[in-house]
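J.: The structure's right below; bear with me while I get my questions together.
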Amino acid sequence: MPEPLIEPKSARRAAESVPGIPRDAAGPVFRAPWEAHAFALALTLHEKGLFAWPEWSAMLGEEIKKAQAAGDPDTGETYYLHWLATLERMVAEKGATSTQALTEHFQAWERAMHRTPHGKPIELKDEDFGR
7 MPEPLIEPKS ARRAAESVPG IPRDAAGPVF RAPWEAHAFA LALTLHEKGL FAWPEWSAML
67 GEEIKKAQAA GDPDTGETYY LHWLATLERM VAEKGATSTQ ALTEHFQAWE RAMHRTPHGK
127 PIELKDEDFG R
C-alpha cells in the first residue's frame with residue numbers, strides 16, 4: 007500500500023495553525039489533486055524548517071488581501087491558488103529558489119503540457135526549458 011501524500015498529524019497541526027484552510031471533521035479537504043500536492047509541499051517545507059506557521063499565515067493573509075483587492079470574490083474556491091502564490095513567494099524570499107527559476111519551470115510545464123496527448127503523463131524534457 008502506498009504511503010499517504012499527507013501525514014494526518016501534520017495536516018491537523020497545519021489546519022489548527024493556519025486559519026481558513028478548507029476542512030471537514032477529518033481535516034483539510036481538496037477539490038483537485040494539485041491542491042493536495044501544494045498543501046503537502048508546504049507541510050514538508052515547514053517540517054524542514056523553512057518557515058514557521060505564524061509566518062506562513064501572515065504571508066498567506068497578504069496574498070489573499072492582494073487577490074481580494076484585485077477582484078477575487080473570496081468564495082473559497084480560490085483558496086489554494088493563494089496557498090500556491092504564498093508557497094512560490096515563500097521559497098523565493100527564503101532563497102530556496104528564485105522567481106526566475108519558478109518562471110522557467112512554469113513555462114517548461116506549459117510547453118510540456120501542450121505537446122503531451124490528453125491522458126498521457128507530462129514529462130519535462132530539456133527542450134521544454136528552451137535548451
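Heads up: the sequence shown at position 34 corresponds to 40 in our numbering, and the numbers run straight through without jumps. Ideal placement from N, C-alpha and C gives every residue a C-beta, glycine not left out.
For Asp134, which three-state DSSP category applies?
T.: Reduced to three states, the DSSP call for Asp134 is helix.
J.: Give me whichever residues DSSP pairs with Pro34 in a beta bridge.
T.: Pro34 pairs with Arg29.
J.: Using the rule of at least 16 other Cβ atoms within 10 Å of the residue's Cβ for burial, across every protein chain shown, is Phe135 buried or exposed?
T.: So Phe135 ends up on the exposed side.
J.: CA-CA distance, Ala91 and Glu69?
T.: Looking at the two C-alpha atoms, the distance is approximately 7 Å.
J.: What is the residue span of the alpha helix (DSSP H) that Gly67 lies within?
T.: First-last of the alpha helix (DSSP H) with Gly67: Trp59 to Ala75.
J.: Can you round the beta-carbon distance between Pro14 and Gly26 to whole angstroms, since I take them to be within the 8 Å contact cut?
T.: Contact flag wrong, Cβ pair sits at about 20 Å.
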